Amino acid sequence: MTLPLPTRELVVVARRSVLIAAVGMYVALVAGFTLVWGLKLPMLTGVRFYDVLRIYHGGLLAIVMPWIAARCQAADSGDRIVMLSALTSRRPSSILFAKILSLAGVLTLVVIAGAPATIVAAKMSAMPVSVVFRDLASACSLSLLASAVTVAWTVGASDVMVTWIGAAATTLAVFAAASRWTSAPAVHDLFVAVVGLTVAAAVATWSDRALQYCHD
Amino acid sequence: MTAMLRATGLSKRFDATVAFAGVDLQAAPGECVGLVGPNGSGRSTLLKVLATLLRPTSGSIEIDGVDAARAPYEARRRLAHVGDNAVPGHGLTVREYLDFVASARRGQMSRTTIDDTLERAGLRDDADVDKLSAGTRRRLSLAAAFLVAPRILLLDDPFAGLDADARLTFSRWLCEVRDAGTTTIVALNDERDVRALCHRILRLERAASDAGRVTALPATAAV
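Chains as they are written, first to last, in my numbering: chain A, 185 to 400; chain B, 39 to 261.
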């Protein structure tokens, strides 16, 4: 293991059987939406199907990503992080950063798994494929935010359900705020990525002080 | 004496309950100090405090010249602790777990080194860490601690749950590690183990405090 902490996290995630089910469900929901809405339902005048899909896709990712991260990660919180820090002689911040980056990588792969369906949707709306790639970049910034927020919630609340609901609500709120306050797509993505990095930095900094010792 | 580990005036209190108090301890490089005493005398807690897992209520700890209160992460690089609360494997196999711990502590290790450790510890490399029995889990923890070759080993009842063969294997292994210069503080229940392994003992006694709770009173003696 050349990068032991991220490698451990990736091995743990890859071994979770629920990961395959979650990815399958996500792809099915994107593909199903594309087929059912895109082919069967009429669109309002002036509204492109791809724009509807984009909103649906963003909302879906904001819910699915925290669920995958919460269910598939190596759920270390509280004293376990202290024990892991002692075992590996690494700071809690290094452990959490490795976790966030690994999960962001996994979530990016999940987004890529749904790319074929979004490409089909772009074709149906007569939009260039380059738009899909820009939206994929946008989803990558969302994956960083979702992983950082989920890890932050995991550290605070060890229960998976609480972590998922809290992380999904936070991710949705940031996504909605970014959509409301920014008009240019690049600024929107930057906003989401910066919030993700800020959350990651905040939880890492906090952990080095708060998770120095086990609870009495 | 050049101390690899020096604890001065160490005490630990959980709310109103005193786990131990007034512990002074020094250990030289390669020295093995046995912690003995009745159940509830605070041996496990003392080891956790020395391992920087628990914050001491008072007193100071110096690990190889590093003040553990000021730089606990720096101190942790120099020691390994084996106790009852092991880190879960989260689905890792025994080999992956050892590889992970060794890589995190010392950088990439050869497959042969891991193989040798697995063989000596009597561990199956593809076994799921989370499904190991308590005794096998203890073997893994000890093997990981020996593999990373720390300067200080803190062992809490290291042979608990081990069968007779494993007990002999790890006892010999520990002697080798000690003779190679690793400072060892080990809490033991069996007096024969103390005599076989330790150069000195620190006896923690239970005594009723004013509030009727338990206080540890340290005393050292040569074995």
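By construction, the Cβ of each residue, glycine as well, lies at the ideal position given by its N, Cα and C atoms.
All figures in this text were calculated on a predicted structure; none of them were measured in a lab.
* Output yes if chain A places a C-beta closer than 9 angstroms to the C-beta of B/S49; else output no. => Numbered from 1 along the second sequence, position 11 holds the residue referred to as residue 49 of chain B. Chain A, which has no Cβ nearer than 9 angstroms to the Cβ of B/S49, makes this no.
* How should A/V316 be labelled, buried or exposed, when 16 other C-beta atoms within 10 angstroms of its C-beta is the threshold for buried? -> Indexing the first sequence from 1 puts residue 316 of chain A at position 132. Looking at its Cβ environment, which holds 16 or more other Cβ atoms inside 10 Å, A/V316 is buried.
* Can you find at least 3 beta carbon pairs, one from the stretch 52 to 64 of chain B and one from the stretch 381 to 396 of chain A, that sit closer than 8 angstroms? -> no
* Nearest-angstrom Cα separation, counted from B/V120 out to B/D195 -> The residue labelled residue 195 of chain B in the question sits at position 157 within the second sequence. The residue labelled residue 120 of chain B in the question sits at position 82 within the second sequence. So the alpha carbons of these two residues sit roughly 8 angstroms apart.
* Alpha carbon to alpha carbon, what distance is there between A/V207 and B/R175? -> Sequence index remark: in the second sequence, residue 175 of chain B carries index 137 (1-based). Sequence index remark: in the first sequence, residue 207 of chain A carries index 23 (1-based). Cα-Cα distance, rounded: 34 angstroms.
* **Per-residue burial, B/P110 [other beta carbons within 10 Å of its own, 16 or more giving buried]** => Here residue 110 of chain B corresponds to residue number 72 of the second sequence, with the count starting at 1. B/P110 should be labelled buried.
* To do: Taking B/L119 as part of the alpha helix (DSSP H), name the residues at either end of that continuous run.
  => Within the second sequence, residue 119 of chain B is the residue found at index 81, counting from 1. The identity of residue 119 of chain B in the sequence shown is His, whereas the question assumes Leu. Here B/H119 belongs to no alpha helix (DSSP H); instead the beta strand (DSSP E) covers L117 to V120.
* To do: Determine the burial state of A/L223: buried for a count of at least 16 other Cβ atoms within 10 Å of its Cβ, exposed for fewer.
  => Residue numbering aside, residue 223 of chain A sits at position 39 when the first sequence is read from its first letter. It counts as exposed.
* Cα separation between B/L235 and A/T354? -> Looking up residue 235 of chain B in the second sequence gives position 197. Looking up residue 354 of chain A in the first sequence gives position 170. Distance between the alpha carbons of B/L235 and A/T354 is about 55 angstroms.
* Asked: A/G262 by DSSP, collapsed to three states: which one?
  -> The sequence position of residue 262 of chain A within the first sequence is 78, counting from 1. If DSSP states are grouped into helix, strand and coil, A/G262 belongs with coil.
* Who are the Cβ neighbours of B/T95 in its own chain at under 6 angstroms, not counting the five residues just before and after it? -> The count along the second sequence starts at 1 and reaches residue 95 of chain B at position 57. Contacts found: S49, K50 and R51.
* A/T389: contacting residues in chain D (beta-carbon distance under 8 angstroms) -> Going by chain labels, chain D is absent from the structure shown, which instead holds the protein chains A and B.
* Write down every uninterrupted run of the beta strand (DSSP E) in the stretch 66 to 92 of chain B whose length is 3 residues or greater and which is fully enclosed by it, in chain order. => 70 to 74
* Taking 9 angstroms as the CB-CB cut-off, is A/T334 touching chain B? -> As a position in the first sequence, residue 334 of chain A is number 150, starting the count at 1. No, its Cβ sits nowhere closer than 9 angstroms to a Cβ of chain B.
* Cβ-Cβ distance between B/G127 and B/D102 below 9 angstroms -> What you label residue 127 of chain B is simply residue 89 of the second sequence in a count that begins at 1. What you label residue 102 of chain B is simply residue 64 of the second sequence in a count that begins at 1. Result no, Cβ atoms of B/G127 and B/D102 do not sit closer than 9 angstroms.
* Given a threshold of 16 other Cβ atoms within 10 Å of its Cβ, counted over all protein chains shown, does A/P188 qualify as buried or as exposed? -> Taking the first sequence and counting its residues from 1, the one referred to as residue 188 of chain A is at position 4. Classification of A/P188: buried, given that the 10 Å Cβ count is 16 or more.
* Close Cβ partners of A/F217 (< 7 angstroms) along its chain, the five nearest in sequence each way excluded -> As a working note, residue 217 of chain A is residue 33 in the first sequence. Counting only Cβ-Cβ distances below 7 angstroms, and skipping sequence neighbours, we find L237 and Y240.
* **Closest residue to B/A225 among B/V74, B/L63 and B/A59 (Cα-Cα distance)** => Position 187 of the second sequence, counting from 1, holds the residue named residue 225 of chain B. The residue with the shortest Cα to Cα distance from B/A225 is B/V74.
* Pick helix, strand or coil for A/V295, following the three-state DSSP scheme. => Reading the first sequence from its first residue, position 111 is the one you call residue 295 of chain A. Correct three-state label for A/V295: helix.
* Under the three-state reduction of DSSP, which class applies to B/A54: helix, strand or coil? -> For the purposes of this step, residue 54 of chain B is taken as the residue at position 16 of the second sequence. Coil, per DSSP.
* **Minimum C-alpha distance to B/K86 - residue among B/S98, B/L192 and B/D231** => For the purposes of this step, residue 86 of chain B is taken as residue 48 along the second sequence, with counting starting at 1. For B/K86, the nearest C-alpha among the options comes from B/L192.
* Between B/D203 and B/R144, what straight-line distance do the alpha-carbon atoms span, to the nearest angstrom? -> In the second sequence, counting from the first residue as 1, residue 203 of chain B sits at position 165. In the second sequence, counting from the first residue as 1, residue 144 of chain B sits at position 106. When rounded, the distance between both Cα atoms is 29 angstroms.
* With a cut-off of 9 angstroms, does the C-beta of B/E134 fall near any C-beta of chain A? -> Position 96 of the second sequence holds residue 134 of chain B. Yes, contact with chain A.
* Do the stretch 338 to 356 of chain A and the stretch 297 to 307 of chain A meet, that is, are 3 or more Cβ pairs less than 8 angstroms apart? -> no
* For A/T334, count neighbouring C-beta atoms within 10 Å of its own C-beta (all shown protein chains included) and say buried if the count is 16 or more, exposed if not. => In the first sequence, residue 334 of chain A corresponds to position 150, counting from 1. A/T334 comes out buried.
* To do: Could you pull out every residue in the same chain whose Cβ sits closer than 6 angstroms to the Cβ of A/A288, ignoring the five residues on either side in sequence?
  => In the first sequence, residue 288 of chain A corresponds to position 104, counting from 1. If we look at A/A288 and ignore the five residues flanking it on each side, its Cβ neighbours are S327, L328 and S331.
* Taking Cβ to Cβ, would you say B/V139 is nearer than 9 angstroms to A/L280? -> On the second sequence, residue 139 of chain B is found 101 positions in, with the first residue counted as 1. On the first sequence, residue 280 of chain A is found 96 positions in, with the first residue counted as 1. Against a cut-off of 9 angstroms, the Cβ pair of A/L280 and B/V139 comes out as no contact.
* Report the partner residues of B/T46 according to the DSSP bridge assignment. => Your numbering for residue 46 of chain B matches position 8 in the second sequence. In the DSSP output, where bridge partners are listed per residue, B/T46 has B/S98.
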